[in-house]
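Protein chains: 2
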Amino acid sequence: MFYIIGLGLCDEKDITVRGLEEEFYGKELILADRDMVETESDDILRNADKEDVSLLVVGDPFGATTHTDIILRARALKIPTRVIHNASIMNAVGACGLQLYNFGQTVSLVFFTDTWKPDSFYDRIKENADLGMHTLVLLDIKVKEQSEENLARGRKIYEPPRYMSIPQAVSQLIEIEEQRQTGILSPETTLAIAVSRVGGGEGNERIVCGTLAELSTQPNQVFGQPLHSLVIVGKRLHHLEAEYAETFAVNPKTWRETAKTVYGCDFE
Amino acid sequence: MFYIIGLGLCDEKDITVRGLEEEFYGKELILADRDMVETESDDILRNADKEDVSLLVVGDPFGATTHTDIILRARALKIPTRVIHNASIMNAVGACGLQLYNFGQTVSLVFFTDTWKPDSFYDRIKENADLGMHTLVLLDIKVKEQSEENLARGRKIYEPPRYMSIPQAVSQLIEIEEQRQTGILSPETTLAIAVSRVGGGEGNERIVCGTLAELSTQPNQVFGQPLHSLVIVGKRLHHLEAEYAETFAVNPKTWRETAKTVYGCDFE
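As they're listed, the protein sequences go chains A and B.
FYI, the UniProt record's numbering numbers position 258 of the first sequence as 258, with every residue one higher than the one before it.
FYI, the UniProt record's numbering numbers position 202 of the second sequence as 202, with every residue one higher than the one before it.
This is the structure we're talking about:
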């Protein structure tokens with residue numbers, strides 16, 4: 001049997017009891033990077049028709065297309081599969097106080113370079129914004145990346161990991177807004193909520209909200225340790241959502257005032 | 001401390017190790033129905049400032065506004081809170097093969113009566129459909145409901161639980177489509193995926209897909225045990241999504257043909 005087991009959000013204690021019963025925690029663990037999962041799936045699946053092989057993944061197994069691909073591959077090889085679900089940012093983001101049914105499609109924001117600034121995320125945020133829906137923006141990470149020189153010379157030397165920060169994400173969003181000028185994102189009047197390490201408990205999880213301008217001027221440490229995600233608040237914002245999130249506001253006064261005057265929240 | 005602990009999708013084995021460490025599984029359990037959680041929150045929170053009180057909930061704690069409300073109440077009483085996340089249908093629906101980032105907002109479908117047919121879900125599905133996005137439709141359940149007579153006489157006698165079936169859901173969707181006639185739902189050409197007990201493993205989880213007409217004519221047992229959910233497939237359907245789901249098709253031939261001719265999937 002080939003298992004894909006979701007590890008949940010933070011550390012080894014977030015595995016479910018069902019996942020734990022596979023008892024891999026006493027077994028040999030092989031660290032599989034994205035490259036390995038994508039290019040060596042046949043090695044991973046070898047013998048899974050005769051013995052149990054488990055692929056442990058952060059969050060829920062269906063958060064990444066890579067995992068769907070390997071299940072398709074297992075099926076083609078007639079290997080039975082089983083998925084053990086767990087929490088992922090796609091549902092745990094509810095911790096910020098916004099209701100999950102008010103979210104539209106989720107988007108990813110990648111690191112811009114001088115020559116490559118992919119901006120299709122903007123169209124998705126606009127589609128959500130036009131309907132008043134919130135958007136979960138997943139921020140890029142670079143892990144096991146090679147410099148252009150090392151890549152060219154075939155040297156397996158990797159750069160230190162990089163995680164996109166909230167101020168950088170806001171800066172990229174505003175850069176594209178300034179090009180497109182559709183008015184869906186405004187530093188002063190668009191509310192957003194930064195989340196990191198949701199489910200990590202006191203001293204680990206961070207939820208910080210404010211206008212885009214407020215978030216962009218906070219020092220990085222305000223937002224806690226990576227990974228970070230950013231929620232762009234949609235105009236359907238309900239006053240109970242705004243009240244819940246107010247606890248996390250950089251400035252509760254501007255938060256409430258903006259929710260009231262720009263988003264039309266009807267606080268009692 | 002007041003804990004809200006997500007139990008995940010199926011049974012007691014889906015709790016995370018972090019949730020289990022609270023050791024409530026050896027403690028007195030009080031069955032709290034929705035009415036109790038909503039109207040007796042002060043009783044539930046009593047003493048939570050001095051001892052640990054845990055509210056265990058199906059799925060993830062932030063799947064229901066009720067749970068957000070009780071956290072707000074705890075905060076007002078200065079009681080520290082902690083949330084333990086878990087899988088919910090909002091992310092585990094990825095098991096059907098459709099990518100989570102192609103989903104728009106989630107909607108709920110309630111049992112119609114002769115005199116009450118709330119249809120705002122249709123507007124939400126249309127908003128998603130117009131953008132080509134998939135819609136997760138959560139089907140109604142009736143648990144601990146009183147008949148009108150028992151309610152009028154103040155008798156705490158409850159009707160047997162009822163769970164909306166997939167054919168009934170399709171019938172209600174088509175009923176509203178026939179009134180509105182915007183063409184977003186068509187028995188013959190709209191594809192949908194029925195899911196039940198996702199994460200429940202062999203013999204428990206069921207995923208069944210086809211056109212709305214095909215799903216509406218299947219016997220109920222095809223769809224397995226409740227709870228059921230239904231995904232309305234959006235026009236952005238990618239051929240890899242269609243291929244993954246094809247395994248679950250009532251009729252793989254019509255599934256693929258519809259995906260190709262109506263949804264424009266480009267199978268190689």
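Heads up, the beta-carbon is just placed ideally off N, CA and C, and yes, glycines get one too.
Because the structure is a prediction, the values reported are computed rather than measured.
Asked	Found
Valine 107/B - partner residues in DSSP beta bridges	Val137/B
Chain-ordered chain A contacts of arginine 18/B [CB-CB under 7 Å]	Lys13 and Asp14
Interface residues of chain B facing valine 137/A [CB-CB closer than 7 Å]	Simply none; closest approach about 11 Å.
Proximity of alanine 192/B and valine 233/B at Cβ, strictly below 8 Å	yes
Pairwise C-alpha distance: leucine 55/A and alanine 64/A	13 Å
Exposed unless 16 or more other CB atoms sit within 10 angstroms - verdict on residue 345/A	There is no way to answer for residue 345/A, as the model of chain A reaches only from 1 to 268.
Span of the beta strand (DSSP E), counted from its first residue to its last, around leucine 230/A	228-232
Close beta carbons around arginine 162/A, own chain, < 6 Å, minus the five adjacent residues each side	Lys142
Cross-chain neighbours of glutamine 77/A in chain B, by beta carbon under 9 Å	The identity of residue 77/A in the sequence shown is leucine, whereas the question assumes glutamine. Near leucine 77/A there are no residues of chain B at all, since even the closest Cβ is about 14 Å away, more than 9 Å.
C-beta neighbour in chain A for threonine 65/B, strict 8 Å	yes
Collapsed DSSP secondary structure at lysine 126/A in the structure displayed	helix
Helix, strand or coil at glycine 26/B according to DSSP, with G and I counted as helix	helix
Contacts around aspartate 60/A, its chain only, beta-carbon distance under 6 Å, and the 5 residues preceding and following it disregarded	Gly6, His85, Asn86 and Ser88
Buried or exposed by the 16-neighbour rule on C-beta atoms within 10 Å, applied to glutamate 241/A	buried
Endpoints, beta strand (DSSP E) assigned at arginine 82/A	81-84
Boundaries of the beta strand (DSSP E) in which tyrosine 3/A is found, first to last residue	2-6
Residue span of the beta strand (DSSP E) that contains valine 208/A, given as start and end	206-211
Chain B contact residues for glycine 97/A, given Cβ-Cβ distances below 7 Å	Thr68
Separation of phenylalanine 111/A from serine 120/A, as counted between CA atoms	13 Å
Whole-angstrom distance between valine 222/A and valine 208/A, CA atom to CA atom	8 Å
Other residues of its chain near alanine 213/A: CB distance less than 6 Å, five sequence neighbours each side excluded	Pro187 and Glu188
Identity of the residues DSSP links to glycine 59/A by a beta bridge	Gly8/A
Member of Phe2/B, Thr135/B, Thr113/B and Gln179/B whose CA lies at the smallest distance from the CA of arginine 75/B	Phe2/B
At least three beta-carbon pairs within less than 8 Å, the stretch 32-41 of chain A to the stretch 98-116 of chain A	no
Span of the alpha helix (DSSP H), counted from its first residue to its last, around serine 41/B	41-45
Chain B residues whose Cβ lies nearer than 8 Å to that of methionine 90/A	Met90, Asn91 and Leu100
The stretch 145-160 of chain A touching the stretch 120-130 of chain A, judged by at least three CB pairs closer than 8 Å	no
Members of the stretch 207-224 of chain B near chain A, C-beta cut-off 7 Å	none
Chain A contact for aspartate 60/B (CB, 8 Å cutoff)	yes
CB contact flag (leucine 136/A, valine 198/A, <8 Å)	no
Chain A within 8 Å of phenylalanine 248/B, Cβ atoms only	no
Distance CB(cysteine 265/B)-CB(histidine 228/B) smaller than 8 Å	no
Assumed close pair histidine 67/B, valine 57/B - CB separation to whole angstroms, cut-off 8 Å	6 Å
Closest by C-alpha distance to phenylalanine 248/B, when choosing among Arg236/B, Pro226/B, Leu215/B and Ile184/B	Leu215/B
Endpoints, the beta strand (DSSP E) within which alanine 194/A is located	191-196
Unbroken alpha helix (DSSP H) run spanning valine 17/A, endpoints	17-20
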